[in-house]
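I have placed the structure first, in the form of structure tokens, so that the comments after it can refer back to it.
Structure follows, in structure tokens:
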């Protein structure tokens, strides 16, 4: 069922298959809708794929896997949690999740921004890459599980560790394994053994803060947090690739 | 460290014929030939020779002969020269042995043990020179049944997207970066001229080749290089690459020195950084995950094109293929033991996977038994050398084949296995701006188009001899084959009867 106003449209997603629902989204976008509200979303996958405009999509309920995969342009807000594969190979646009997200969030992302209020699952930001002005960004409010930023080749990954108690360490292991580009900003304690061999650890300098501060402010804007309070917690580290060519000397012809 | 590795080849220069023109010096990208100004003489460093025969073919006076260095160690079946030299190489470098092209070991080539039938007396053969022969092949999901409108006789069944091939041969994936842009352009032009498909591999789709989009398959692989909505939109088929016959289960590293400005732009990564294709795709850990990616691509392209899934032919290929079809693949590709590569660890290339003939027969049989063979086209790759291999593959159950080595050989490749060095003297497997000029896309396309034309004529000849005028009539019809020199088990897996039986 669809109720239309001038440019805001509501869809009741109850009972729709993902194919029906995404076809409907494409029709609405083709008709010039700029703001679409999805009610009663129950696990429909691939929302935001193949829309290719900056349409605003508000999702109430729980979207299915691969939310915004291959996405170019849309600005998606989820009032709830997201499942696996959010922003897979994403190209451009924005995904804001008022909750937590599953595994492989932002895998191979090439651009765009993903903000997750709470925590994420495993293998997030694997093999993100960048080219010139195209630079993907993922900001995670709480923490991540293992393999965060594995094979990372570009872009910015931020983990704010807001759920960590005083003195508590991050739980993710193998952070940045095989990393050969991009940067991870981590707030909170982490043991050396939790990091991949290919990762260096550094204090933040002015250039880093010039990137990180606006991202924390944007996170605070989306979720009603206090940016200064987050920054004031301290314990920010930068994880970076020690080499552009981590596997240079493995082979002989 | 002094190397204990002998030269693999002997360079013979016939002094009576040599005119000191130095063509060989300029042609050899491995610096085997050099000019010594003191003695005013062209000489050789035989250690550098890879046996690619470029100098031999370009010597204007036929003065050069390249022969294999016999390396006559004491004869020993177990400790052959290759084994001894591999050990020495590793003792000197401590590295993984890297190689190119396909498996060159003596595993059985089943194509050579399968014989075709011909019509005699009880049915007439057909002369393809005077009668129409049909090789047209459609790639894509076929319906369970077809319904026609009883009055108009129009098709009522809604067909899934189909891609038409003029003959059942496509060019297999070779990425820009692994091969040169001129090679890709040769393939793209030839595919367009011949009415077949070429495949970008996973190195992105160069903008200068976008005009060949209607004959292009693009790949989504573990590196996801250059994958964006326009890339998916442009192609006729999108192929998810899980594995490759030359290196099942292994990822790939395009070394930073091959990532030029142009390669960087096409792959959309910084210039000079390693392009790492991880071993698995980390969003595919199960058939259900595969289904999610297949349908993400279908959604991203609005169900307008077939989605292919390619795997290396491995031990349980049949069960995996069944899962791939159930995950929504419209085309499945099996790449066999002899499939080639621009770079693979030698031990993997030579020891992992199964022959394509056995995998093909097993998968086709399995999909038929499960009643889902119509849901996906079956394409095989890995060691298809001539038109008979193509026809035998179709009879074993393939819809089409992919060729890559054969195509490169058509362009000049002599399978010297130096692909990973990036110094290919034939200008094929390199991004060196000077070497890549050795392939002229216009001539390259002509050579490839000629090859496909030759194969197409031969296939029609063989079909005509069998008394059959459409390839569709022999597809999966294994009674047209008989086996020789095969065990009962091999015959059983191939689903083929013993010759004379």
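Chains as they are written, first to last, in my numbering: chain A, 1469 to 1721; chain B, 71 to 571.
C-beta atoms are modelled at their ideal positions from N, C-alpha and C, and glycine is treated no differently.
Residues bridged to residue i (per DSSP)
| i | result |
| --- | --- |
| residue 239 of chain B | B/471 |
| residue 1602 of chain A | A/1599 |
| residue 401 of chain B | B/378, B/447 |
| residue 141 of chain B | DSSP output for residue 141 of chain B lists no bridge partner at all. |
| residue 1649 of chain A | A/1621 |
| residue 414 of chain B | B/169 |
| residue 1540 of chain A | A/1560 |
| residue 246 of chain B | B/249 |
| residue 1485 of chain A | The partner list for residue 1485 of chain A (beta bridge, DSSP) is empty, contrary to what the question assumes. |
| residue 1663 of chain A | A/1643 |
Among the options, the one whose alpha carbon lies nearest that of residue i
| i | options | result |
| --- | --- | --- |
| residue 1623 of chain A | A/1607, A/1629, A/1632, A/1567 | A/1607 |
| residue 286 of chain B | B/375, B/326, B/186, B/126 | B/375 |
| residue 195 of chain B | B/567, B/538, B/545 | B/538 |
| residue 73 of chain B | B/156, B/88, B/122 | B/156 |
| residue 291 of chain B | B/311, B/297, B/281 | B/311 |
| residue 477 of chain B | B/400, B/249, B/236 | B/249 |
| residue 308 of chain B | B/379, B/486, B/519, B/235 | B/379 |
| residue 326 of chain B | A/1484, A/1617, A/1486, A/1621 | A/1621 |
| residue 203 of chain B | B/542, B/568, B/571, B/500 | B/542 |
| residue 495 of chain B | B/545, B/78, B/94, B/80 | B/94 |
| residue 565 of chain B | B/463, B/149, B/512, B/532 | B/463 |
| residue 404 of chain B | B/386, B/381, B/414, B/424 | B/381 |
| residue 452 of chain B | B/429, B/444, B/442, B/361 | B/429 |
| residue 320 of chain B | B/383, B/278, B/415 | B/415 |
| residue 1499 of chain A | A/1476, A/1508, A/1506, A/1517 | A/1476 |
| residue 406 of chain B | B/475, B/363, B/333, B/350 | B/475 |
| residue 104 of chain B | B/87, B/125, B/86, B/121 | B/125 |
Interface partners of residue i on chain B, CB under 7 Å
| i | result |
| --- | --- |
| residue 1578 of chain A | 298, 338 |
| residue 1559 of chain A | 298, 299 |
| residue 1612 of chain A | Residues of chain B passing the Cβ test: none, with the nearest at roughly 14 Å. |
| residue 1649 of chain A | 340, 343 |
| residue 1538 of chain A | 299, 302, 366, 370 |
| residue 1602 of chain A | 338 |
| residue 1520 of chain A | 299 |
Limits of the alpha helix (DSSP H) - the one that residue i falls within
| i | result |
| --- | --- |
| residue 151 of chain B | 151 to 163 |
| residue 464 of chain B | 457 to 466 |
| residue 290 of chain B | Segment 286 to 290 is the beta strand (DSSP E) holding residue 290 of chain B; no alpha helix (DSSP H) there. |
| residue 127 of chain B | 124 to 128 |
| residue 504 of chain B | No alpha helix (DSSP H) contains residue 504 of chain B, which DSSP labels as neither H nor E. |
| residue 511 of chain B | 511 to 535 |
| residue 329 of chain B | Looking at the DSSP string, residue 329 of chain B is not in any alpha helix (DSSP H), and its letter there is neither H nor E. |
Bounding residues of the beta strand (DSSP E) (the contiguous stretch that carries residue i)
| i | result |
| --- | --- |
| residue 1625 of chain A | 1621 to 1627 |
| residue 382 of chain B | 377 to 382 |
| residue 105 of chain B | 103 to 106 |
| residue 82 of chain B | 79 to 83 |
| residue 1656 of chain A | Residue 1656 of chain A -> no beta strand (DSSP E), and no H or E assigned at all. |
| residue 553 of chain B | 551 to 553 |
| residue 1706 of chain A | 1704 to 1709 |
7 Å Cβ cut-off: residues of chain A touching residue i
| i | result |
| --- | --- |
| residue 352 of chain B | 1572, 1575, 1591, 1594 |
| residue 323 of chain B | 1715 |
| residue 491 of chain B | 1721 |
Contact set between residue i and chain B, taken where Cβ atoms lie within less than 9 Å
| i | result |
| --- | --- |
| residue 1513 of chain A | 362, 365, 366, 369 |
Beta-carbon neighbours of residue i, restricted to chain A and to distances below 8 Å
| i | result |
| --- | --- |
| residue 159 of chain B | 1720 |
| residue 488 of chain B | 1721 |
| residue 165 of chain B | 1717, 1718, 1719, 1720 |
| residue 500 of chain B | In chain order: nothing, as chain A lies at least about 13 Å away. |
Under 8 Å from the C-beta of residue i: neighbouring residues of chain B
| i | result |
| --- | --- |
| residue 1510 of chain A | Correct list: empty, because the minimum Cβ distance to chain B is about 17 Å. |
| residue 1646 of chain A | 346, 348 |
| residue 1517 of chain A | 366, 369, 370 |
Proximity test, residue i beta-carbon vs the ligand MN heavy atom, cut-off 7 Å
| i | result |
| --- | --- |
| residue 226 of chain B | The ligand content of the structure shown is nil, which means the ligand MN is not present either. |
- With a cut-off of 8 Å, do at least 3 Cβ pairs link the stretch 545 to 558 of chain B to the stretch 181 to 196 of chain B? yes
- Are there three or more Cβ pairs, one per stretch, closer than 8 Å when the stretch 440 to 449 of chain B is compared with the stretch 462 to 474 of chain B? yes
- Within the chosen definition, does the stretch 333 to 341 of chain B reach the stretch 381 to 392 of chain B through at least 3 CB pairs nearer than 8 Å? no
- Taking three-plus beta-carbon pairs below 8 Å as touching, is the stretch 162 to 178 of chain B in contact with the stretch 405 to 419 of chain B? yes
- Contact between the stretch 1498 to 1515 of chain A and the stretch 1527 to 1535 of chain A (3+ Cβ pairs under 8 Å): yes
- Counting pairs of Cβ atoms below 8 Å between the stretch 1593 to 1610 of chain A and the stretch 1647 to 1658 of chain A, do you hit three or more? yes
- Message: I'd like to know if the stretch 498 to 511 of chain B and the stretch 429 to 447 of chain B are in contact, where contact means that at least 3 CB-CB pairs between them fall below 8 Å.
- Response: no
- Would you call the stretch 507 to 522 of chain B and the stretch 210 to 227 of chain B in contact, with 3 or more CB pairs under 8 Å? no
- Message: Count Cβ pairs between the stretch 1654 to 1661 of chain A and the stretch 1698 to 1707 of chain A that sit closer than 8 Å; are there 3 or more?
- Response: yes
- Message: Within 8 Å, do at least three Cβ pairs link the stretch 228 to 237 of chain B to the stretch 485 to 494 of chain B?
- Response: no
- Three CB pairs or more closer than 8 Å across the stretch 1631 to 1648 of chain A and the stretch 353 to 363 of chain B: no
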